[in-house]
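S.K.: What the sequence shown shows, in the UniProt record's numbering, is residues 26 to 479, in sequence order.
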Amino acid sequence: TEACLGAIEGAGALNAFVHHTPEIALEQARGADARIKAGDAPAMCGIPVGIKDLFCTRGVASQAASRILEGFRPEYESTVTQNLWDAGAVMLGKLNMDEFAMGSSNETACYGPVVNPWKVDDRRLTPGGSSGGSAAAVAADLCLAATGTDTGGSIRQPAAFAGIVGIKPTYGRVSRWGVVAFASSLDQAGPMTKSVRDAAIMLGAMASHDPKDSTSADLPVPDFEAALTGDIRGKKIGIPREYRMEGMPAEIEALWHKGAEMLKDAGAEIVEISLPHTKYALPAYYVIAPAEASSNLARYDGVRYGHRARLGQGDGITEMYEKTRAEGFGPEVQRRIMIGTYVLSAGFYDAYYNRARKVRALIKRDFDTVFAAGIDAILTPATPSSAFGLGEMANADPVEMYLNDVFTVTVNLAGLPGVSVPVGLDARGLPLGLQLIGRPWAEGDLLNHAHVLE
Ligand code: GLN
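#1: Taking C-alpha atoms, which residue in E102, P442, R390, C135 lies nearest to residue 482?
#2: Is G191 near the ligand GLN, judged by its Cβ being under 7 Å from some heavy atom?
#3: Does DSSP classify F186 as helix, strand or coil?
#4: Report the CB separation of V190 from V221 in whole angstroms; it is logged as a contact under 8 Å.
#5: So who's on the other strand from K77, going by DSSP bridges?
#6: Check whether the Cβ of A126 sits closer than 7 Å to any heavy atom of the ligand GLN, and report yes or no.
#7: Using CA coordinates, which residue listed in E479, L478, L455, Y196 is at the minimum distance from F186?
#8: By a C-beta neighbour count over all protein chains shown, 10 Å radius and 16 as the cutoff for buried, is M217 buried or exposed?
#9: Helix or strand or just coil, what does DSSP make of R222?
#10: So which of L211, A184, R350, H234 has the shortest CA-CA distance to K219?
#11: Drop a sphere of 10 angstroms on the beta-carbon of L244, count the other beta-carbons inside from all chains shown, and report buried for 16 or more, exposed for fewer.
#12: Going by C-alpha distance, which of Y305, G31, L109, K348 is nearest R385?
#13: Any idea what DSSP makes of D175, helix, strand or coil?
#14: Let's test the definition: count the other Cβ atoms within 10 Å of the Cβ of G188 and tell me whether it reaches 16, buried, or not, exposed.
#15: Is DSSP giving M217 helix, strand or coil here?
#16: Could you tell me the distance, in whole angstroms, from the CA atom of I362 to the CA atom of A90?
#17: Going by C-alpha distance, which of G37, P152, C29, L322 is nearest G458?
#18: Whose C-beta lies closer than 8 Å to the C-beta of Y268 among residues of the same chain, with five residues either side of it excluded?
#19: Identify whether I257 lies in helix, strand or coil by the three-state DSSP scheme.
#20: Can you check the stretch 50–117 for any beta strand (DSSP E) of at least 3 residues that lies completely inside it and give the ranges in chain order?
#21: Can the beta-carbon of V434 be found closer than 8 Å to that of L307?
#22: Any heavy atom of the ligand GLN closer than 7 Å to the beta-carbon of F413?
#23: Kindly indicate the opening and closing residues of the alpha helix (DSSP H) around A402.
#24: Does the ligand GLN have even one heavy atom less than 7 Å from the beta-carbon of A439?
#25: Taking 7 Å as the cut-off, is the C-beta of F207 nearer than that to any heavy atom in the ligand GLN?
#26: Can we count D78 as close to the ligand GLN, meaning its CB is less than 7 Å from some heavy atom?
#27: Output the distance between the C-alpha atoms of S87 and F207, rounded to the nearest integer angstrom.
#28: With C-beta atoms as the reference, is V436 less than 8 Å away from A475?
Below, the structure is given as structure tokens:
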């Protein structure tokens, strides 16, 4: 813990940790020490971790990287973080992220962007997003592991950009209680770690059935670490034809091939499969996610949480709402609220929102079909490229940024578990990741496949 606290102090330029909690860390570490000495050490006893700013942590700033939550100190603890403390983990502080988890480059944060510890010619690169602070902190050894959240790829894409492991569990595996909501039917928290084994241990600590989250599954949490046997003989790995996108860089194609060869060498069978509705996933996601976000973000009204705008003479409640929300939300969040409000409005609901829901059902059915046909896991690239430069997309059409999520959003729409594993470096020496998608509730088996790619 002390080594991590020192490393964090020396790494201010990365802008990964945005709220520091050294007193809490040292107190928890002392408690962990006592438990170890007493011979009663739970799974994560004494392991120092970073927490994405999206998780509510009691008495500690929890801002979702938004100005609108400035000054908000929750009086309650999220179930996931409570589970981690119960498992003996130690909190170093809160980690930077895209505002309300909307973004793929960590550039929408009210705290400014995070710098990826991986560099090319001193060019500053993005660690990806929205869990960019988590990815950078783990990659730079500021903590041993971090929490992330993933609505459309926000654990898996930054994990790939920073050369670490990240898993989004099956929807319902991990409680959403106390995690600031973005799109409730898609959001899941998960671990971001240096190895698949660490991910298995930390996911086991984070997961639980939680009556406070009505979508939390009432299922036992298996021993994910015990599943890491490295034996995948006879397993069937699907390679979805539709993920071979036009214009895909040759090195991503080569990486994908290399991953398939590694799984084959370990005794798995590689099968070409079809997920025919893949091309509709991105547009469906960018209707459903903003729709849910516009509803979830209605609660930030200047009364209940955080920031309230300074009001002028004669300003009433409407002006307070308008001024607070105009000042408090950044441009990307405002864009999502407007898109979401539009697609949910009476005249357009059927044309956009309802249609996107139907597409979502078809995407889920594509996966059900291949799993029913005996496929154990699906292998795809995690991202269409390696980390790009900070500011590089500043003047691009927002849709350019949304294209980063092309391989990851299907998994959220279908509620499936997906893991990103670092598999190699590109020609510039930057990490690249592959994604494995698993059957629902089979995170152990999925991590076992990922283990073979390490
Ligand atoms: N990049 C995607 C978005 O901006 C995904 C974000 C996430 O998974 N939280 O919506």
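Idealized CB from N, CA, C, for every residue including glycine. These numbers were taken from a predicted model, which means no experiment stands behind them.
M.R.: According to the structure shown:
#1: Nothing can be reported for residue 482: it is not among the residues displayed for the chain, which extend from 26 to 479.
#2: As a first step, residue 191 is located in the sequence shown; it is residue number 166 there, counting from the start. The answer is no for G191.
#3: The residue you call residue 186 lines up with position 161 of the sequence shown. Reduced to three states, the DSSP call for F186 is helix.
#4: Position 165 of the sequence shown holds residue 190. Position 196 of the sequence shown holds residue 221. Correct: roughly 5 Å between the Cβ atoms.
#5: Taking the sequence shown and counting its residues from 1, one reaches residue 77 at position 52. Paired residues: L120.
#6: Taking the sequence shown and counting its residues from 1, one reaches residue 126 at position 101. Under cutoff, so the answer is yes.
#7: Taking the sequence shown and counting its residues from 1, the one referred to as residue 186 is at position 161. Minimum Cα distance to F186 is reached at L455.
#8: Stepping through the sequence shown from its first residue, residue 217 is reached at position 192. With 16 or more Cβ atoms within 10 Å of its Cβ, M217 is classed as buried.
#9: Taking the first residue of the sequence shown as position 1, residue 222 is located at position 197. Reduced to three states, the DSSP call for R222 is helix.
#10: Within the sequence shown, residue 219 is the residue found at index 194, counting from 1. Closest by alpha carbon: A184.
#11: For this step, residue 244 is matched to residue 219 along the sequence shown. Classification of L244: exposed, given that the 10 Å Cβ count is below 16.
#12: Start at 1 with the first residue of the sequence shown, and residue 385 comes out as number 360. Ranking the options by Cα distance to R385, first place goes to Y305.
#13: On the sequence shown, position 150 is the one that residue 175 refers to. The answer is strand: DSSP assigns D175 an E or B state.
#14: Locating residue 188 in the sequence shown gives position 163, where the first residue counts as 1. G188 should be labelled buried.
#15: Position 192 of the sequence shown, counted from the first residue, corresponds to residue 217. Strand at M217.
#16: Walking along the sequence shown from the start, residue 362 turns up at place 337. Walking along the sequence shown from the start, residue 90 turns up at place 65. Between I362 and A90, the C-alpha separation is close to 17 Å.
#17: Locating residue 458 in the sequence shown gives position 433, counting from the first residue. Ranked by how close their Cα comes to the Cα of G458, the residues G37, P152, C29, L322 have P152 in first place.
#18: As a position in the sequence shown, residue 268 is number 243, starting the count at 1. Hits under 8 Å: L300, T303, T405, P406, F432.
#19: Position 232 of the sequence shown, counted from the first residue, corresponds to residue 257. The answer is coil: DSSP assigns I257 none of H, G, I, E or B.
#20: 73–77
#21: In the sequence shown, counting from the first residue as 1, residue 434 sits at position 409. In the sequence shown, counting from the first residue as 1, residue 307 sits at position 282. The answer is yes: Cβ separation under 8 Å.
#22: Here residue 413 is taken as the residue at index 388 of the sequence shown, counted from 1. Not a single heavy atom of the ligand GLN lies less than 7 Å from the C-beta of F413.
#23: In the sequence shown, residue 402 corresponds to position 377, counting from 1. Element bounds for A402: not the alpha helix (DSSP H) but the beta strand (DSSP E), 402–406.
#24: Indexing the sequence shown from 1 puts residue 439 at position 414. No, the beta carbon of A439 sits no closer than 7 Å to any heavy atom of the ligand GLN.
#25: Here residue 207 corresponds to residue number 182 of the sequence shown, with the count starting at 1. At least one heavy atom of the ligand GLN is nearer than 7 Å to the Cβ of F207, so yes.
#26: Position 53 of the sequence shown, counting from 1, holds the residue named residue 78. No, Cβ of D78 sits at least 7 Å from all heavy atoms of the ligand GLN.
#27: By one-based count along the sequence shown, residue 87 stands at place 62. By one-based count along the sequence shown, residue 207 stands at place 182. The straight-line gap from Cα to Cα measures roughly 14 Å.
#28: Mapped onto the sequence shown, residue 436 falls at position 411. Mapped onto the sequence shown, residue 475 falls at position 450. No. Outside cutoff.
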